[in-house]
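**Q**
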Amino acid sequence: MSGNGYGHMKVTDTEGNVTTSVYDMGDRRTEVNHPASGITTFTYDALGNVVTKQTANLKKEGKTINYEYDYGRLTAINYPDHPENNVKYYYGGRNASQNRIGRLMLREDGSGAIEYFYGKMGEVVKTRRTMIVPNQAIATYVTQWTYDSHNRLLEMIYPDEEKITYSYNLGGQLDHVRGYKSYGYDYVNKIGYDKFEQRTYLKYCNGAETFYSYDPQRRRLQNLVVNAKAGTIMDNAYTYDAVSNVLSVKNGAPLPQSGKAGGQMNHQYTYDALYRLASATGTYTGADSKTASYTLAMGYDNMHRITSKKQHLTQQNVQFNGSLSAGYDLTYTYQDSTGHKFQLANVRDVNYRTEGTASENDKVNNGHRYTYDANYSIEREQSQTCLSFAERENNHRRQRNLVYINTSRVKRYGKEE
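Going by my numbering, the first residue of the sequence shown is number 615, and it counts up by one from there.
Right, dumping it as structure tokens:
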């Protein structure tokens, strides 16, 4: 990193790629020249708010992304090519109710709108999310929260009107979770802690109990035991290296009864000199002579980008009687041209699945190529499998149509899954 003292800053990475930034007299960055995105320029108003942003792609067309403000508050983001993605912000006036005076009250974007309501301490106590679902009726989801004076969550009401209540012990730690919808029921009966406020015990409403123990020197999780009515279903032992990377996880629980799920698992992990995951291996042993194993190998370049990922899995009598051999070998390449460096260009995917030993004839070669929009977000993925060719566009509005209703159900395109 270097600078010339006149508003210029230069950063050089390990591969010699240079990023330069230009600042004005107000210490505002007006230009950045990045190997991946080219030159991006910014303009500001008298208050220092960003007014326009122009990427290298937009400069070719003479277009900009424009920002609007009201007394320093962002009120709109306007995109030149896709106005349906524009974002608008509305704030509460002096007569606004629900503690919304001067606070963000409504945000509109391509996916719909979200309305905010606040408590006396400025905490969000209610949101009303309206989703524009293609070829479906407009869907609205209301979520509510209640907090105590310590800003601890006491109650949450989901859009399906299920009410969840939270209670705490004298030390302020969560110790009980209860739900209500037509009738009351517990989710978590009890949570226990040690003197370090680390969780040592948890009991669910179905009677399952989890016990936690920790390494006394570093307070890392050392053992986790889960007991259910049928007995111990998990007995995990953890080991770590000197910098707390997980080296192994071994489940020493007894083998389940015939026909039952579960079993013993053992995972081993290795890391490179920069503590990136380099490899992983694992084995599984279950009831009725069920066995499985896997290997994983990762590759990286000097920029910490993934260059390869290879995984192989074998199973015996797990999904069906007999053997299964499956896996994939991914190779990642990145663009190197000016203005596009570091962008993911192609993923070569060789995968296979056989009921036996894989051969070259069993392998399927896939290719995935990517293109980017004006903001350098992935806009399109082109996939090629053997002689077939398919093209898939990433539509932000379509992606936003996945809405979490509660912890177990989702709605996609207006239909519950």
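Note that CB positions come from ideal geometry on N, CA and C, so glycine has one too.
For clarity, every value in this text was computed on a predicted model and none was experimentally measured.
How many angstroms separate the CA atom of Met623 from the CA atom of Thr666?
**A** So the alpha carbons of these two residues sit roughly 21 Å apart.
**Q** Since Tyr878 and Thr899 are thought to touch, with beta carbons under 8 Å apart, how far apart are those beta carbons, to the nearest angstrom?
**A** First, the residue type needs correcting, since residue 878 is Gln and not Tyr in the sequence shown. The Cβ separation is near 5 Å, so the contact holds.
**Q** For the candidate residues Asn960, Leu958, Val961, Asp950, whose alpha-carbon lies nearest to that of Gly630?
**A** Cα-wise, what sits closest to Gly630 is Asp950.
**Q** Taking C-alpha atoms, which residue in Tyr946, Phe934, Ala842, Gln925 lies nearest to Asp915?
**A** Ranking the options by Cα distance to Asp915, first place goes to Tyr946.
**Q** My understanding is that Lys874 touches Ala901, with C-beta atoms under 8 Å, so please give their C-beta distance in whole angstroms.
**A** Confirmed, about 6 Å.
**Q** So what does DSSP say about Asn700, is it helix, strand or coil?
**A** It is coil, neither helix nor strand.
**Q** Identify which residue in Asp886, Thr779, Glu811, Lys674 has its Cα closest to the Cα of Tyr801.
**A** Here the closest residue by C-alpha is Thr779.
**Q** Excluding five sequence neighbours on each side, which residues of the same chain lie with their C-beta closer than 7 Å to the C-beta of Arg627?
**A** In the sequence as displayed, the identity of residue 627 is Asp instead of Arg. These residues qualify, in order along the chain: Met917.
**Q** By alpha-carbon positions, which one of Trp759, Tyr815, Tyr693 ends up nearest to Asn837?
**A** Residue Tyr815 is the option with its Cα nearest to Asn837.
**Q** Please list the terminal residues of the continuous beta strand (DSSP E) segment that includes Asn647.
**A** Asn647 -> beta strand (DSSP E) spans 643 to 648.
**Q** Taking its Cβ as the centre, do 16 or more other Cβ atoms sit within 10 Å of Asp789, making it buried, or is it exposed?
**A** Buried, because 16 or more other Cβ atoms sit within 10 Å of the Cβ of Asp789.
**Q** Who does Thr689 pair with in a DSSP beta bridge?
**A** Partner(s): none; Thr689 has no beta bridge.
**Q** Please report the straight-line C-alpha distance between Tyr818 and Phe656, rounded to a whole angstrom.
**A** About 53 Å.
**Q** For Ala887, count neighbouring Cβ atoms within 10 angstroms of its own Cβ and tell me buried if that reaches 16, exposed if not.
**A** Exposed, by the Cβ-count rule.
**Q** Tell me, please, which residues DSSP counts as bridged to Leu944.
**A** DSSP lists Lys923, Asp963 as partners of Leu944.
**Q** Kindly list the residues whose CB is nearer than 6 Å to the CB of Ser907, restricted to its own chain and excluding five residues on each side of it in sequence; keep chain order.
**A** Once the five neighbours on either side are set aside, the close Cβ partners of Ser907 are Thr897, Thr928.
**Q** Going by C-alpha to C-alpha distance, which of Gly716, Gly876, Gln812 sits closest to Gly904?
**A** Rather than Gly, the amino acid found at residue 904 in this sequence is Lys. Checked all of Gly716, Gly876, Gln812; the closest Cα to Lys904 is Gly876.
**Q** So what does Lys864 bridge to, in DSSP terms?
**A** Ala851, Asn880, per the DSSP bridge assignment.
**Q** Tell me the rounded alpha-carbon separation between Lys809 and Tyr852.
**A** Roughly 21 Å separates the two Cα atoms.
**Q** Closest to His1033 by C-alpha separation, out of Tyr797, Asn859, Asp943, would be which residue?
**A** Absent from the model: residue 1033. The displayed extent of the chain is 615 to 1031, so no value can be given.
**Q** Would you give the residue range spanned by the alpha helix (DSSP H) that Asn671 belongs to?
**A** That run of the alpha helix (DSSP H) goes 670 to 675.
**Q** Indicate the three-state DSSP secondary structure (helix, strand or coil) for Ser725 in the structure shown.
**A** Here Ser725 sits in coil by DSSP.
**Q** Do Asn850 and Lys864 have their C-beta atoms within less than 9 Å of each other?
**A** In this structure, Lys864 lies closer than 9 Å to Asn850 by Cβ.
**Q** Near Leu720, what residues of its chain come up, given a Cβ to Cβ distance below 7 Å and the 5 sequence neighbours on each side ignored?
**A** Within the same chain, Leu720 has close Cβ partners Tyr704, Ala727, Glu729.
**Q** Name the one or two DSSP bridge partners that Ile746 has.
**A** DSSP, once it has assigned bridges, lists no residue as partnering Ile746.
**Q** Within 10 angstroms of the Cβ of Leu672, are there 16 or more other Cβ atoms? Answer buried if so, exposed if not.
**A** With 16 or more other Cβ atoms within 10 Å, it is buried.
**Q** With 16 as the cutoff for other CB atoms within 10 Å, does Pro773 come out buried or exposed?
**A** By the 10 Å Cβ count, Pro773 comes out buried.
**Q** Since Thr836 is in the beta strand (DSSP E), which residue starts that stretch and which ends it?
**A** This sequence places Gln at residue 836; Thr is not what is there. Element bounds for Gln836: 835 to 842.
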